[in-house]
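This report concerns only the one structure given below.
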Amino acid sequence: MPKKLQVKQTIFTSGETKIAVSLTSSTQIQLRQEAQQVVTAKPDVVEWRIDFYTNVLDEEEYLITHHRLKQILGDDIILLTTFRTQQEGGVRKLTDKQYFKLVNWIILNHLTDMLDLELMRSSPEITHTISLAHQKGIKVILSKHDFQRTPTQTEIVVRLKQMAALQADIAKIAVMPHNADDVLTLLNATRQADLVISIPLITMSMGQLGKISRLSGPLFGSVLSFAALAKTSAPGQLSVAALRQALHILSYK
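Following the numbering used here, the numbering of the sequence shown begins with 23 at its first residue and continues without gaps.
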């Protein structure tokens, strides 16, 4: 199903896979140094993994850090902000109350271009937060990460449909394979969902087994792939250079 989402000058559309790099530093100085290195690779999206940032709940420090980060990223690179909780593979815990207080504050102060929200969070709060983000012109990625297994093809498609029904701008799912069949399940689910869901998708099969899913987005319908410069933020990530070269070689257009 043809679908397009424009954020700044970047258009996310089925058949093309953009590149994202995550920032995982814990201090402002380290974050600035990491961001300066990342921009040299010219990714389409920079994901700030704020669950790694030690003082993420200090609003004054957050504002200063965000301002300096945006100066480094410039006008073209998209800032995606993500607090990944421990339940979904992140580095720290937040209660639902703390989680939504943080993400709603980010939205109200317009501190990001795109925001990752976890599907596992309570539906009434998620619905309100997505609506608030849209009022502020912020695009929402609804996400689900399963580090233990690969659900069935039907389960994966149902989750992606659920994200679309909640008015996400992009639906994201990441799963852990235990064999080649699991990887094929994720790819088949992505293809099936791409045909019937009206929003762009981000899908991946994690770890070494799932690397092919990070390269095959243009064929199966995943619009964004996460790469690394030095340290990875998820198992199975490739370097930016390797991912860019592979996407070029495997271009289906």
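Here a beta-carbon is modelled for each residue, glycine too, at the ideal position from N, C-alpha and C.
Since the model is a prediction, treat every value here as computed from it, not as a measurement.
For this session: Using three-state DSSP, classify serine 227 as helix, strand or coil.
Result: Taking the first residue of the sequence shown as position 1, residue 227 is located at position 205. If DSSP states are grouped into helix, strand and coil, serine 227 belongs with the strands.
For this session: Classify proline 173 as buried or exposed, calling it buried when 16 or more other Cβ atoms lie within 10 Å of its own Cβ.
Result: Here the question's residue 173 lines up with position 151 in the sequence shown. The residue is buried, with at least 16 neighbouring Cβ atoms inside 10 Å.
Problem set entry | Residue closest to arginine 106, alpha-carbon to alpha-carbon, out of Asp73, Ile152, Leu265 and Asp191 | Locating residue 106 in the sequence shown gives position 84, where the first residue counts as 1. Arginine 106 has its Cα closest to that of Asp73, out of Asp73, Ile152, Leu265 and Asp191.
Exercise. If you compare alpha carbons, which of His150, Gly112 and Met228 is closest to valine 125?
Worked result: Within the sequence shown, numbered from 1, the residue matching residue 125 stands at position 103. The shortest Cα separation from valine 125 among His150, Gly112 and Met228 belongs to His150.
Problem set entry | Reference leucine 223, options Ala155, Tyr75 and Lys166, closest by Cα | In the sequence shown, counting from the first residue as 1, residue 223 sits at position 201. Here the closest residue by C-alpha is Lys166.
For this session: For lysine 194, I'd like the list of residues in its chain whose CB is within less than 6 Å of its CB, leaving aside the five on either flank, ordered along the chain.
Result: Start at 1 with the first residue of the sequence shown, and residue 194 comes out as number 172. Answer for lysine 194: Ile163, Ser165 and Ile224, listed in chain order.
For this session: Would you kindly report the start and end of the unbroken alpha helix (DSSP H) that includes isoleucine 33?
Result: Taking the sequence shown and counting its residues from 1, the one referred to as residue 33 is at position 11. Unbroken run through isoleucine 33 is the beta strand (DSSP E), 32 to 35; no alpha helix (DSSP H).
For this session: Measure the alpha-carbon distance for glutamine 157 versus glutamine 28 and round it to whole angstroms.
Result: If you number the sequence shown from 1, residue 157 lands on position 135. If you number the sequence shown from 1, residue 28 lands on position 6. If you draw a straight line from the Cα of glutamine 157 to the Cα of glutamine 28, it is about 16 Å long.
Problem set entry | Sequence ranges, beta strand (DSSP E) only - wholly within the segment 179 to 205, length at least 3 | Entirely contained in the segment 179 to 205, the beta strand (DSSP E) runs reaching 3 residues are, in chain order, 192 to 197.
For this session: My understanding is that alanine 215 touches leucine 182, with C-beta atoms under 8 Å, so please give their C-beta distance in whole angstroms.
Result: As a working mapping, residue 215 is identified with position 193 in the sequence shown. As a working mapping, residue 182 is identified with position 160 in the sequence shown. Between leucine 182 and alanine 215 the Cβ distance is about 5 Å, and since that is below 8 Å, they are a contact.
For this session: Report the rounded CA-to-CA distance for tyrosine 75 versus threonine 104, giving the unit in angstroms.
Result: For this step, residue 75 is matched to residue 53 along the sequence shown. For this step, residue 104 is matched to residue 82 along the sequence shown. Threonine 104 has its alpha-carbon roughly 11 Å from the corresponding atom of tyrosine 75.
For this session: Give the straight-line distance between the Cα atoms of valine 218 and threonine 212, rounded to the nearest whole angstrom.
Result: Within the sequence shown, residue 218 is the residue found at index 196, counting from 1. Within the sequence shown, residue 212 is the residue found at index 190, counting from 1. The alpha-carbon atoms of valine 218 and threonine 212 are separated by roughly 10 Å.
For this session: Work out the CA separation of aspartate 80 and phenylalanine 34 for me, nearest whole Å.
Result: Taking the first residue of the sequence shown as 1, we reach residue 34 at position 12. Taking the first residue of the sequence shown as 1, we reach residue 80 at position 58. Distance between the alpha carbons of phenylalanine 34 and aspartate 80: 33 Å.
For this session: Flag this pair as yes or no: are the beta carbons of isoleucine 128 and leucine 137 separated by less than 8 Å?
Result: Along the sequence shown, one-based indexing puts residue 128 at 106. Along the sequence shown, one-based indexing puts residue 137 at 115. Contact flag set, yes.
Exercise. Near arginine 114, what residues of its chain come up, given a Cβ to Cβ distance below 7 Å and the 5 sequence neighbours on each side ignored?
Worked result: Your numbering for residue 114 matches position 92 in the sequence shown. Hits under 7 Å: Asp73 and Gln108.
For this session: Give a yes or no on whether the C-beta atoms belonging to lysine 25 and aspartate 66 are separated by under 8 Å.
Result: As a working note, residue 25 is residue 3 in the sequence shown. As a working note, residue 66 is residue 44 in the sequence shown. Between lysine 25 and aspartate 66, the C-beta spacing is not below 8 Å.
Exercise. Any chance the CB of isoleucine 86 is under 7 Å from a heavy atom of the ligand HEM?
Worked result: The ligand HEM is absent from the structure shown, which contains no ligand whatsoever.
For this session: Could you work out which residue in Asp191, Val179 and Gln170 is closest to serine 153 when comparing CA atoms only?
Result: Along the sequence shown, one-based indexing puts residue 153 at 131. Ranking the options by Cα distance to serine 153, first place goes to Asp191.
Exercise. Going by the CB atoms, is the gap between valine 205 and arginine 171 shorter than 8 Å?
Worked result: As a first step, residue 171 is located in the sequence shown; it is residue number 149 there, counting from the start. As a first step, residue 205 is located in the sequence shown; it is residue number 183 there, counting from the start. Going by C-beta atoms, arginine 171 is not nearer than 8 Å to valine 205.
Exercise. Nearest-angstrom Cα distance between isoleucine 356 and histidine 200?
Worked result: Because the chain in this structure spans residues 23 to 275, residue 356 falls outside the shown range and cannot be described.
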